[in-house]
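Top to bottom, those sequences are chains A and B. What the first sequence shows, in the numbering used here, is residues 1296 to 1519, in sequence order. What the second sequence shows, in the numbering used here, is residues 1296 to 1519, in sequence order. Note that the Cβ used here is the ideal one computed from N, Cα and C, for glycine as well. Here is the structure we will look at.
Protein chains: 2
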Amino acid sequence: MLNKEEITYISSRLDFWDNLSKSEINLLENNIANVSYKKGFNLHSSDSECLGVLLIKSGELRVYILSEDGREVTLYRLSSSDVCVLSASCILNSITFDVHIDAEIDTDAYLINIGAFSKLSSHNIYVENFAYKNTIERFSDVMWAMEQILFMSFDKRLAIFLFDEITKTNSLKLNITQEQIAKYIGSAREVVSRMLKVFQSEGILEQSRGSIHILDKEKLRELI
Amino acid sequence: MLNKEEITYISSRLDFWDNLSKSEINLLENNIANVSYKKGFNLHSSDSECLGVLLIKSGELRVYILSEDGREVTLYRLSSSDVCVLSASCILNSITFDVHIDAEIDTDAYLINIGAFSKLSSHNIYVENFAYKNTIERFSDVMWAMEQILFMSFDKRLAIFLFDEITKTNSLKLNITQEQIAKYIGSAREVVSRMLKVFQSEGILEQSRGSIHILDKEKLRELI
């Protein structure tokens, strides 16, 4: 059972809360669980059962699509205090595509189970509306990713990715493999490898096994 | 002013109608106009004013994104009886991307003007919900287009496009240029040209100025 503080936090993140009846609040409170996912765990895929709605406490989820031959394209990432609705996409009839969701790092979250959320969303339009609105925000993220992938030159995309990473981790040393970068920006490892070599020859960075050291942040920024 | 028959038709397409008050219906009825767009007309772009919600009577609209250097990627197309909400995206705060909308052929539609729709959608959650639901259906279309562009081999994409066209027009002769095909499937004219030549050499089709004649429908289907 959740404590009062947790309920207060959760209710502040779910903007339909004030439009719930007493019994709906009761139903919801009895169907929220604490969940933890280890780094690399696949929470959701086209084959898996529909999980429910997640409210992330800490960690990071990556949402991506997967081709038949195993290529991945990252659509967006979610972190602390974000709500993940696509893990409940089975109850939203208008959604006819499949995504995969992985824990990028160890992740703790509240999970509203699918049965309860389905019941609430079909009886209370504010809950349905919340799910739609959240999904449309992610639609905007996907459009941004799509424009990046389709329109932006590859050196710029890679530079933006590296710059975001050093800003996010607040460190010039990134512990990341070429394979991972390729996944994140929706490219092939060979293409990433080639461009990193170009950046290295220009003195922007230095590579070692499993990590990249940014030497010239200003030059990296100029590429963006 | 719209006649009774038109109102009946429009109300059957807008599933929030039954949840409108008398005065809201009145507002709506007084703010729907008949509009016509000539083939090639650009209804909506990042620069243009927000138009409103369109209900298509006849014709076809194409929704696409445009790169800085002028490349287009088609997201989806709308035709008779479809509702176009992204032409009112300015009032949906969760939408932060820009699309372009063109009339592909001469198109007639009902237009709910943006002022009235904005008023209804901010006061009536069923109207807001309708706009969201419609947008999410388009999100699914976009994901489909994205998977096609990113994951599918180009010969397959082109074959699917041609097969869809002959099915839709019920004719083996397609009046379409390489430039148009490139736009529709999010590619470059040169790439389309090269693949059409391959198809031609395999006896699948024959090209002449501004049209393509499918000679072997079965062989085209096998590519899909």
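Near residue i, which residues of its chain fall below 8 Å by C-beta distance, leaving aside the five closest residues on each side in sequence?
i       : result
B/A1477 : A1483, R1484, V1486, V1487
B/I1519 : K1451, A1454, I1455, F1458
B/E1501 : Q1495, I1507, H1508, L1510
Which of the three DSSP states, helix, strand or coil, is assigned to residue i?
i       : result
B/I1499 : coil
A/R1372 : strand
B/S1506 : strand
B/T1402 : strand
A/C1379 : strand
A/R1243 : Nothing can be reported for residue 1243 of chain A: it is not among the residues displayed for chain A, which extend from 1296 to 1519.
B/N1326 : coil
A/L1453 : helix
A/E1355 : strand
B/I1386 : helix
B/D1436 : helix
A/S1331 : strand
B/I1476 : helix
A/L1361 : strand
B/L1297 : coil
B/I1519 : coil
A/I1521 : A query on residue 1521 of chain A cannot be resolved here, the shown segment of chain A reaching from 1296 to 1519 and no further.
A/L1445 : helix
B/N1321 : helix
B/L1491 : helix
A/G1465 : Inspection of the sequence shows that residue 1465 of chain A is occupied by Asn rather than by Gly. Residue state, collapsed to three classes: coil.
A/N1314 : helix
Short of 7 Å in beta carbon distance, which residues of its chain neighbour residue i, apart from the five on each side in sequence? Order them along the chain.
i       : result
A/F1456 : I1476, Y1479, I1480
A/S1376 : R1308, I1351
A/R1516 : F1458
A/N1470 : G1505, S1506
Would you call residue i buried or exposed, if buried means 16 or more other Cβ atoms sit within 10 Å of its Cβ?
i       : result
B/G1365 : exposed
A/G1410 : exposed
A/D1397 : buried
B/T1464 : exposed
B/H1508 : exposed
A/E1363 : exposed
B/M1296 : exposed
A/G1498 : exposed
B/V1493 : exposed
A/H1418 : exposed
B/E1423 : buried
B/K1299 : exposed
B/T1303 : exposed
A/S1316 : exposed
B/S1416 : buried
B/T1402 : buried
A/G1354 : buried
Relative to the ligand NAP, is the shortest distance from any of its heavy atoms to the C-beta of residue i smaller than 7 Å?
i       : result
A/H1339 : This structure lacks the ligand NAP; in fact it carries no ligand of any kind.
Output needed for residue i: all residues of its chain with C-beta closer than 6 Å, excluding positions within five of it in sequence on either side, in chain order.
i       : result
B/E1474 : R1484
B/M1438 : none
B/K1534 : Residue coverage of chain B in this structure runs from 1296 to 1519, which leaves residue 1534 of chain B outside it and unanswerable.
A/F1336 : A1398
A/T1430 : V1380
A/W1312 : S1306
B/L1406 : A1328, V1330, G1347, L1349
A/V1378 : L1350, N1429
A/L1322 : A1411
Using a Cβ distance threshold of 8 Å, determine whether the segment 1336-1346 of chain A contacts the segment 1368-1384 of chain A, with at least three qualifying pairs required. yes
Taking 8 Å as the threshold, find out whether the segment 1353-1360 of chain A comes into contact with the segment 1369-1377 of chain A through three or more Cβ pairs. yes
Between the segment 1330-1337 of chain A and the segment 1427-1434 of chain A, are three or more C-beta pairs nearer than 8 Å? Because the criterion of three Cβ pairs below 8 Å is not met, the segment 1330-1337 of chain A and the segment 1427-1434 of chain A do not touch.
I'd like the ranges of any alpha helix (DSSP H) spanning at least 4 consecutive residues and lying wholly in the segment 1404-1430 of chain A. Secondary structure in the segment 1404-1430 of chain A: the alpha helix (DSSP H) runs of 4 residues or longer, each lying completely within the stretch, are 1409-1418 in chain order.
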